[in-house]
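Colleague:
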Ligand code: HEM
């Protein structure tokens with residue numbers, strides 16, 4: 001029986017997201033094996049040192065890296081390079097990434113130390129192309145001021161929607177990971193009245209309560225992102241902000257049993273349902289990245305570290 005990585009945990013108060021790209025003309029396998037051993041070590045250590053709050057690190061691998069590292073074939077069924085989604089007004093760009101790390105902890109110090117340890121192992125064979133420091137904003141709100149994560153699956157549903165099962169037995173307890181770094185036009189969003197802001201999301205701002213269907217606009221975020229009760233994903237979004245550069249954003253991150261579910265949500269948001277009825281949230285949010293990874297089971301990562309894969 002395989003064990004999953006900590007993909008079903010609730011997000012910590014502090015997070016660091018890292019994307020790494022292997023350098024050309026290096027042989028990355030040995031460093032990759034060492035980083036697999038390190039990830040195992042960091043998770044064991046996090047559990048021992050911070051048993052209540054947890055400190056975890058989830059590693060995921062991109063399609064091209066999977067091939068370059070000589071990992072098993074056939075690949076996880078839906079692991080591919082994310083293709084851009086082009087709507088009439090807004091597009092979801094596709095960007096490259098070989099390894100993704102999702103580091104979570106109750107404080108920034110442990111997150112920084114885990115990042116430093118990973119960097120020490122990878123820096124000779126790879127470049128870090130993205131580093132985003134996310135933080136919990138008030139009562140779990142996005143930087144736009146609305147609570148983010150409310151309709152996520154809870155309890156047993158997290159397993160059902162977050163982890164691969166028998167349908168791809170070789171990769172059981174793995175998970176597809178999709179990330180996008182969004183920058184918000186906060187000035188434009190804040191210039192809306194609260195009522196107009198609520199119509200962007202389809203939820204009331206203070207109470208975090210969903211609008212009734214007869215009031216909720218068809219182009220609101222939740223009207224388009226909800227693709228049915230049997231198609232859900234685990235979202236672990238985190239806000240980030242930098243006043244000096246005026247970069248205020250959301251690191252969108254989702255774990256899913258099937259990537260096609262995420263794709264369906266993205267199509268609804270960017271192309272629209274029906275086409276043209278796109279997600280109003282995109283008028284205030286622009287993705288700068290978009291990459292699909294695969295987070296294998298913890299058992300798979302141990303096997304790589306031991307040289308068995
Ligand atoms: C600009 C980045 C985004 C922000 C700030 C954002 C924020 C939010 C907020 C505030 C909610 C309502 C509360 C909740 O249930 O979590 C929500 C719901 C949701 N979002 Fe997003 N979101 C973003 C991007 C995305 C993307 C890219 C997807 C899918 C690929 C997505 C999928 C969903 C889903 C499935 C729901 C729940 C809908 C429901 O069943 O009511 N979101 N989001």
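In UniProt numbering, the protein residues as written are 1 to 309.
C-beta atoms are modelled at their ideal positions from N, C-alpha and C, and glycine is treated no differently.
These numbers come from a predicted model, not from an experiment.
Is it true that the stretch 286-293 meets the stretch 179-198, where meeting means three or more beta-carbon pairs spaced less than 8 Å apart?
Modeller: yes
Colleague: Going by beta-carbon coordinates alone, are residue 105 and residue 228 separated by less than 7 Å?
Modeller: no
Colleague: Determine, using beta carbons only, whether residue 301 and residue 36 come nearer to each other than 7 Å.
Modeller: yes
Colleague: For residue 20, write down the residues that DSSP places opposite it in a beta bridge.
Modeller: 99, 128
Colleague: For residue 87, verify whether its CB is less than 6 Å away from any heavy atom of the ligand HEM.
Modeller: No, the beta carbon of residue 87 sits no closer than 6 Å to any heavy atom of the ligand HEM.
Colleague: To which residues of the same chain is residue 153 closer than 6 Å at the C-beta, ignoring the five residues directly before and after it?
Modeller: 161, 232
Colleague: Assign residue 174 to one of two classes, buried (16 or more other C-beta atoms within 10 Å of its C-beta) or exposed (fewer than that).
Modeller: buried
Colleague: Would you say residue 178 and residue 86 are within 7 Å of each other, going by their C-beta atoms?
Modeller: no
Colleague: Looking at residue 237 and residue 258, is the spacing between their C-beta atoms short of 7 Å?
Modeller: no
Colleague: Would you call the CB atoms of residue 277 and residue 218 closer than 7 Å?
Modeller: yes
Colleague: Can the beta-carbon of residue 3 be found closer than 7 Å to that of residue 299?
Modeller: Inclusion of residue 3 and residue 299 in the CB contact set at 7 Å is warranted, their separation being smaller than that value.
Colleague: Which value, in whole angstroms, describes the spacing of the CA atoms of residue 211 and residue 204?
Modeller: 7 Å
Colleague: How is the beta strand (DSSP E) around residue 300 delimited, first residue to last?
Modeller: Per DSSP, residue 300 belongs to no beta strand (DSSP E); it is in the alpha helix (DSSP H), 298-305.
Colleague: So what's residue 47 in DSSP terms, helix, strand or just coil?
Modeller: helix
Colleague: For residue 330, count neighbouring Cβ atoms within 10 angstroms of its own Cβ and tell me buried if that reaches 16, exposed if not.
Modeller: An answer regarding residue 330 cannot be provided, because it is not within the stretch 1 to 309 covered by the chain.
Colleague: Answer yes or no: do residue 295 and residue 60 have a C-beta to C-beta separation smaller than 7 Å?
Modeller: Result yes, Cβ atoms of residue 295 and residue 60 sit closer than 7 Å.
Colleague: What separation, rounded to the nearest whole angstrom, lies between the Cα atoms of residue 279 and residue 195?
Modeller: Distance from the CA of residue 279 to the CA of residue 195, rounded to the nearest whole angstrom, comes to 17 Å.
Colleague: Could you please give me the residues that DSSP links to residue 86 through a beta bridge?
Modeller: 91
Colleague: What is the DSSP secondary structure of residue 104, counted as helix, strand or coil?
Modeller: strand
Colleague: Tell me the rounded alpha-carbon separation between residue 215 and residue 139.
Modeller: 25 Å
Colleague: Would you grab the beta carbon distance between residue 78 and residue 260 for me? Rounded to a whole angstrom, and I think it's under 8 Å.
Modeller: Cβ-Cβ separation between residue 78 and residue 260: approximately 7 Å, consistent with a contact (criterion under 8 Å).
Colleague: From this set, 9, 62, 74, which residue's C-alpha is nearest residue 171's C-alpha?
Modeller: 74
Colleague: Flag residue 225 as yes when its Cβ comes closer than 6 Å to any non-hydrogen atom of the ligand HEM, and as no otherwise.
Modeller: yes
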